[in-house]
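Colleague: Residue numbers (the working numbering): -3 to 193.
Ideal Cβ placement from N, Cα and C applies to all residues, glycine included.
#1: Kindly indicate which three-state DSSP category residue 60 falls into: helix, strand or coil?
#2: Drop a sphere of 10 angstroms on the beta-carbon of residue 18, count the other beta-carbons inside from all chains shown, and report buried for 16 or more, exposed for fewer.
#3: Where are the alpha helix (DSSP H) runs, 4 residues long or more, that stay fully inside the segment 7 to 57, in chain order?
#4: Looking at residue 69 and the ligand SAH, is the gap between the Cβ and the nearest heavy atom below 8 Å?
#5: Let me know the secondary structure DSSP gives residue 90 once reduced to three states.
#6: On the CB-based measure, 16 or more other CB atoms within 10 Å of its CB, does residue 168 come out buried or exposed?
#7: What residues in its chain sit with their C-beta under 8 Å from that of residue 74, if we drop five residues either side in the sequence?
#8: Identify whether residue 153 lies in helix, strand or coil by the three-state DSSP scheme.
#9: With residue 196 and residue 174 assumed to form a contact (beta carbons below 8 Å), what rounded beta-carbon distance in angstroms separates them?
#10: Near residue 28, which residues of its chain fall below 7 Å by C-beta distance, leaving aside the five closest residues on each side in sequence?
#11: Applying the 10 Å Cβ sphere with the 16-neighbour rule, what's the burial state of residue 86?
#12: Hey, would you say residue 48 sits closer than 9 Å to residue 150, going by beta carbons?
#13: For residue 30 and residue 140, I'd like the C-alpha separation in whole angstroms.
#14: Can you tell me whether residue 69 is buried or exposed, with buried defined as 16 or more other CB within 10 angstroms of its CB?
#15: In three-state terms, what does DSSP make of residue 85?
#16: Could you give the distance in angstroms between the alpha-carbon of residue 33 and the alpha-carbon of residue 179?
#17: Buried or exposed for residue 162, going by 16 or more other Cβ atoms inside 10 Å?
#18: Taking the alpha-carbon positions, what's the residue 107 to residue 40 distance?
#19: Thinking residue 157 and residue 65 are a contact (beta carbons under 8 Å), I'd like their distance in whole angstroms, please.
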């Protein structure tokens, strides 16, 4: 249905469709960031649930729209090149954990010993703000392969694979956008507008 709508409105040019796909995932990220206006103080449990949901959506999208077609179409049934790519990607993510702050602290703004204290009493310091900057940088770097995946999906001309991938990435961008906004607010950025930006 979405593929038909996309073709009807924007034609079959893969570049135009890729641009529209990129705008869709960026818009859903903005929607998630804008949720901070109505959901002022999401609990840590709610954020964990939302980010867990996002991880599940991305895992399903990776297998159904990337790994399986990679084995069937691009590797001529040989799983080795695709599995090697997945293993190298997993290794790169594992190593990047050293450079990226733990999202638990950055998103919630609380350590275990601070959990009972009201949020207003928590200290705001440069270390937490630097953590937010690293967290936003990590999310930005995470969005580069997402955009590439959507672009390659649409560039292949196979809307049957590209559209579900775009929708899955867009859906997982909603809680991700909220997490970045909450992290910015927890670091002491008082204006919710700046958190959305």
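Modeller: The structure says:
#1: Within the chain shown, numbered from 1, the residue matching residue 60 stands at position 64. For residue 60, the secondary structure class from DSSP, reduced to helix, strand or coil, is helix.
#2: Here the question's residue 18 lines up with position 22 in the chain shown. So residue 18 counts as buried.
#3: 10 to 30 and 40 to 57
#4: The ligand SAH is absent from the structure shown, which contains no ligand whatsoever.
#5: As a position in the chain shown, residue 90 is number 94, starting the count at 1. Of the three classes helix, strand and coil, the one that applies to residue 90 here is helix, per DSSP.
#6: As a working mapping, residue 168 is identified with position 172 in the chain shown. Residue 168 should be labelled buried.
#7: If you number the chain shown from 1, residue 74 lands on position 78. Excluding sequence neighbours, residue 74 sits near 67.
#8: Counted from its first residue, the chain shown places residue 153 at position 157. Of the three classes helix, strand and coil, the one that applies to residue 153 here is coil, per DSSP.
#9: This structure does not reach residue 196, given that the chain is present from -3 up to 193, and the question cannot be answered.
#10: Taking the chain shown and counting its residues from 1, the one referred to as residue 28 is at position 32. Closer than 7 Å at Cβ, skipping near neighbours: 169, 170, 171, 172, 173 and 174.
#11: Here residue 86 refers to the residue found at position 90 when the chain shown is read from its first residue. Residue 86 comes out exposed.
#12: Here residue 48 corresponds to residue number 52 of the chain shown, with the count starting at 1. Here residue 150 corresponds to residue number 154 of the chain shown, with the count starting at 1. In this structure, residue 150 does not lie closer than 9 Å to residue 48 by Cβ.
#13: As a first step, residue 30 is located in the chain shown; it is residue number 34 there, counting from the start. As a first step, residue 140 is located in the chain shown; it is residue number 144 there, counting from the start. Approximately 21 Å, taken between the alpha carbons.
#14: As a working mapping, residue 69 is identified with position 73 in the chain shown. Residue 69 is exposed by the Cβ-count criterion.
#15: As a first step, residue 85 must be located in the chain shown, where it is residue number 89. DSSP places residue 85 in helix when its eight states are reduced to three.
#16: Position 37 of the chain shown, counted from the start, is the residue given in the question as residue 33. Position 183 of the chain shown, counted from the start, is the residue given in the question as residue 179. In a straight line, the C-alpha of residue 33 is about 14 Å away from that of residue 179.
#17: Here residue 162 refers to the residue found at position 166 of the chain shown. Answer is buried; the Cβ neighbour count reaches 16.
#18: Residue 107 sits at position 111 when you count from the first residue of the chain shown. Residue 40 sits at position 44 when you count from the first residue of the chain shown. Its pLDDT being 49, under 50, residue 107 is placed unreliably in this model, and the value from its coordinates should be taken loosely. Approximately 11 Å, taken between the alpha carbons.
#19: As a first step, residue 157 must be located in the chain shown, where it is residue number 161. As a first step, residue 65 must be located in the chain shown, where it is residue number 69. Confirmed, Cβ separation roughly 6 Å.
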